[in-house]
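Student:
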Amino acid sequence: MHLFAGFLLLFYTIGGTNNQQKPPGETGDKEGKIAKGKVLYETFACHSCHGKKGEIEGDFSNLNLRYTESELKAYIQNPRLYDNKQMPVYEGVINETDLNDLILYLYHLGEGLSD
Ligand code: HEC
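First residue of the sequence shown: 0, per numbering that gives the first Met the number 0; consecutive thereafter.
1. Which value, in whole angstroms, describes the spacing of the CA atoms of histidine 49 and leucine 39?
2. Is it a yes or a no for the region 92-101 touching the region 51-62, going by three-plus beta-carbon pairs under 8 Å?
3. Mind checking which residues open and close the alpha helix (DSSP H) that includes threonine 67?
4. Which residues mark the beginning and the end of the alpha helix (DSSP H) in which tyrosine 81 is found?
5. Compute the distance between the beta-carbons of tyrosine 89 and lysine 35, then report whether it is under 9 Å.
6. Please classify lysine 32 as buried or exposed, where buried requires at least 16 other C-beta atoms within 10 Å of its C-beta.
7. Which two residues bound the contiguous alpha helix (DSSP H) that contains glutamate 41?
8. Exposed or buried, which one is leucine 80 when buried takes at least 16 other CB atoms within 10 Å?
Encoded structure:
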């Protein structure tokens, strides 16, 4: 029993170090982040209003030219700032890391739409 607990602890410790987050500013795996952003886009039900690519509400084309990263974050966190009364306020709902991945995905979508 004790041995088993020891194994669990060892396992947990190793897992913990592997999962350590990269310090901000490190690029990491961009494709992976975009893929995660795509999952988040569905998890937070963005697609229920915007469709798969923003074809229903709004327009995601060239988002990178229309919003800086911090503007886009502010928009998603509080659409009321942009006089959007329909979209839910996501402040406190989506954490910072997820928001970054989501934004990468939106930019990625927008690039695809521009050509
Ligand atoms: C309840 C419906 C609804 C949901 C859910 C929703 N949105 Fe929106 N969103 C809107 C509406 C309506 C607009 C404004 C469209 C317009 O101005 O033409 C908008 C606008 C936007 C814009 C700005 C588009 C532009 O061209 O300026 C972005 C970016 C955006 N939403 C992202 C998201 C993301 C990311 C999520 C999920 C986290 C989300 N939205 C969830 C309804 C929604």
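Glycine included, each C-beta is placed from N, C-alpha and C at the ideal position.
Tutor: Here's the rundown:
1. 14 Å
2. no
3. First-last for threonine 67: undefined, no H or E at that position.
4. First-last for tyrosine 81: undefined, no H or E at that position.
5. no
6. buried
7. 29-42
8. exposed
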